[in-house]
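Residue numbers are given in the numbering used here: position 68 of the sequence shown equals residue 68, and the series is strictly consecutive. Cβ atoms here follow ideal geometry from the backbone N, Cα and C, with glycine treated the same way. Quick caveat: nothing in here was measured; it's all calculated off a predicted structure.
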Amino acid sequence: MRPAVLPTLGLLLSFAWLGCGESVQSVAVTPIQARIVVTDTVRLAASALGGNGNVLTDRTVTWESRNAAVATVDADGLVTGVADGVAEIAATADGISGTASVTVFTPAVLVLSNYRTGNGAILDSFSVRTANLTYDTLTVSAQTPSVAFLNQYDVVLLFEDGLFANAINVGDSVGAYVAGGGNVVLGTFYWQERSDNPNFTEPGWGALEALDPFTAPYGSEYRADSLDVASIVAHPMTAGVTALRVHSYHGGVAAKSGTTVLARWSDACQTCTGGVNDPLVGYRIGSMGQRIVGISVAPQYPVYGNYSGDFYRLWGNALRWAAAGGSGTTLARSADPMVWPARQATSPAVPRVGGGSEVRRIDR
């Protein structure tokens, strides 16, 4: 008898078992759903899983778009939007696939302010200088959009130019839109209407003030300023932004706790405390993934002139990034025709879904 034979055979069987390895039972792709703007990207990740849900780290994953006319994917899982639609992206390991659904869209932007001329200037200039965005506008000096009306849009761009009594009603309605999953980008002079602005005694923006990214403890300042390049934090909103100068900086804002600041102005405002330069760009993320962005420069600068640098790139980046947050118009949102009651003596007109604005132009 040769006792060593059985142990040797056992070792050979063990090596053979290890050579075969555990079989892949499933492939998990994250995120399982994503929304991106045409030409923008999102990176997916995939894990090959064994029978107990354990990750098999030694497996090669390959990627495939099952609708390349809508979105493509590279060997590392980076998805690029091509055209409006939905694409299934598959990750495969050892013949087993997992998928994610990527919605590609061209965001619909609603420009809201009390300044009809500024609204028109934004549409005329932004529509030809910002890529893959469409624009409507509504002048809200004497009318309040319902939440159902706002829900038609992927993102609202809200600013003001001169104080107006209807701001609190507009803020209540936009606040409800954001609380329900909508996205908003706020621009100067939004801050001068906030209830904490020490230069004015105004009722503020109602419900929206609990959600916005900046307070206005220093009022509004009117002087030239430029972007502090050293303050820029890498982010889709700051991509390609290397310079910005305006002839009259409108700010005096401070970031709330929980706000992420991506860039600051070169100078602190003259009445600011703490020596921290005013934020230029900041954002907050809501509980439903909605994106609330603040940009402390006036989007209606095309009316005034005297601005230079990456003005349009910054606004385009912000609108595109914000529009991809929240639930989106392509997914279910409450469509209840909620209309916030006026808090002035005279109720503002409320546009019906699909129209009713003083100025409403579309570029689609």
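What is the DSSP secondary structure of residue i, counted as helix, strand or coil?
| i | result |
| --- | --- |
| S14 | Low confidence applies to S14: its pLDDT is 42, below 50, so where it sits in the model is not reliable enough to give any reading. |
| V170 | helix |
| T80 | strand |
| V276 | coil |
| L244 | strand |
| T106 | coil |
| V38 | coil |
| T144 | coil |
| D124 | helix |
| R291 | strand |
| G51 | coil |
| Y115 | coil |
| W340 | A caution first: W340 carries a pLDDT of 36, below 50, which makes its placement in the model unreliable, though a value can still be read off. Three-state DSSP puts W340 in coil, outside helix and strand. |
| V178 | helix |
| R129 | helix |
| L208 | helix |
| G316 | helix |
| L150 | helix |
| V233 | coil |
| V303 | helix |
| A322 | helix |
| S334 | Note that S334 scores 38 on pLDDT, short of 50, meaning its location in the model is unreliable; the coordinates nonetheless yield the value given after this. The answer is coil: DSSP assigns S334 none of H, G, I, E or B. |
Residue i bridges to which residues according to DSSP?
| i | result |
| --- | --- |
| W63 | A91 |
| Y249 | R223 |
| W265 | L227 |
| F214 | A255 |
| I96 | A93 |
| A28 | S47 |
| G187 | I295 |
| R284 | I292 |
| T139 | S113 |
| Q33 | S101 |
| L157 | V111 and V185 |
| A71 | G81 |
| G309 | L244 |
Quick one: measure Cβ to Cβ for residue i and residue j, integer angstroms, because I've assumed they're closer than 8 Å.
| i | j | result |
| --- | --- | --- |
| A375 | Q152 | Given that the chain is displayed from residue 1 to residue 364, the structure contains no residue 375 and the question cannot be resolved. |
| L262 | G282 | 6 Å |
| F214 | V253 | 4 Å |
| V37 | R59 | Contact flag wrong, Cβ pair sits at about 32 Å. |
| T57 | L44 | Actually they do not touch by this definition, with Cβ atoms about 18 Å apart. |
| S113 | T92 | About 50 Å separates the two Cβ atoms, so there is no contact after all. |
| S266 | D225 | 6 Å |
| G289 | G182 | Not confirmed; about 11 Å, so no contact. |
| N199 | W191 | Incorrect: roughly 10 Å between the Cβ atoms, too far for contact. |
| V79 | V73 | 5 Å |
| G171 | W205 | 3 Å |
| Q300 | I122 | 6 Å |
| Y177 | L211 | Contact doesn't hold; Cβ gap of about 10 Å is too wide. |
| S308 | R264 | With a Cβ gap of about 18 Å, S308 and R264 do not count as contacting. |
| F105 | S141 | F105 to S141, Cβ: 31 Å. No contact. |
Using CA atoms only, rank isn't needed, just tell me which of the options is closest to residue i.
| i | options | result |
| --- | --- | --- |
| P236 | V170, T62, A324 and Y135 | A324 |
| T188 | E160, A28, M288 and G175 | E160 |
| A318 | A71, D74 and L158 | L158 |
| T367 | V111, A75, V29 and G182 | Shown here, the chain extends from 1 to 364; a query on residue 367 therefore has no answer. |
| A207 | R194, A216, F200 and G219 | R194 |
| T62 | V82, I89 and T39 | I89 |
| R35 | D76, W205, D74 and T103 | T103 |
| D228 | D278, I122 and G77 | D278 |
| V27 | T39, G53, V42 and G21 | G53 |
| L314 | V55, A121 and L244 | L244 |
| D453 | P299, A46 and G175 | Residue 453 is absent from the model: the chain starts at 1 and stops at 364. |
| E22 | A322, Y222, G51 and E209 | G51 |
| K256 | S231, I285 and V155 | I285 |
| V276 | Y218, A239 and A322 | Y218 |
| S296 | E209, T130 and A216 | A216 |
| N306 | G95, F126, Y249 and N132 | Y249 |
How should residue i be labelled, buried or exposed, when 16 other C-beta atoms within 10 angstroms of its C-beta is the threshold for buried?
| i | result |
| --- | --- |
| Q33 | exposed |
| S287 | exposed |
| L280 | buried |
| R66 | exposed |
| T117 | exposed |
| I292 | buried |
| N119 | buried |
| T201 | exposed |
| Y304 | exposed |
| G10 | The predicted position of G10 is uncertain, since its pLDDT is 47 and thus under 50; no value can be drawn from it. |
| N166 | buried |
| V184 | buried |
| D363 | In this predicted model, D363 has a pLDDT of only 31, less than 50, meaning its place in the structure is not dependable; the value taken from the coordinates is given anyway. Classification of D363: exposed, given that the 10 Å Cβ count is below 16. |
| Y222 | exposed |
| V147 | buried |
| A298 | buried |
| R129 | exposed |
Quick check: does the Cβ of residue i come within less than 7 Å of any heavy atom belonging to the ligand FMN?
| i | result |
| --- | --- |
| I36 | The model on display carries no ligand, and the ligand FMN is accordingly not part of it. |
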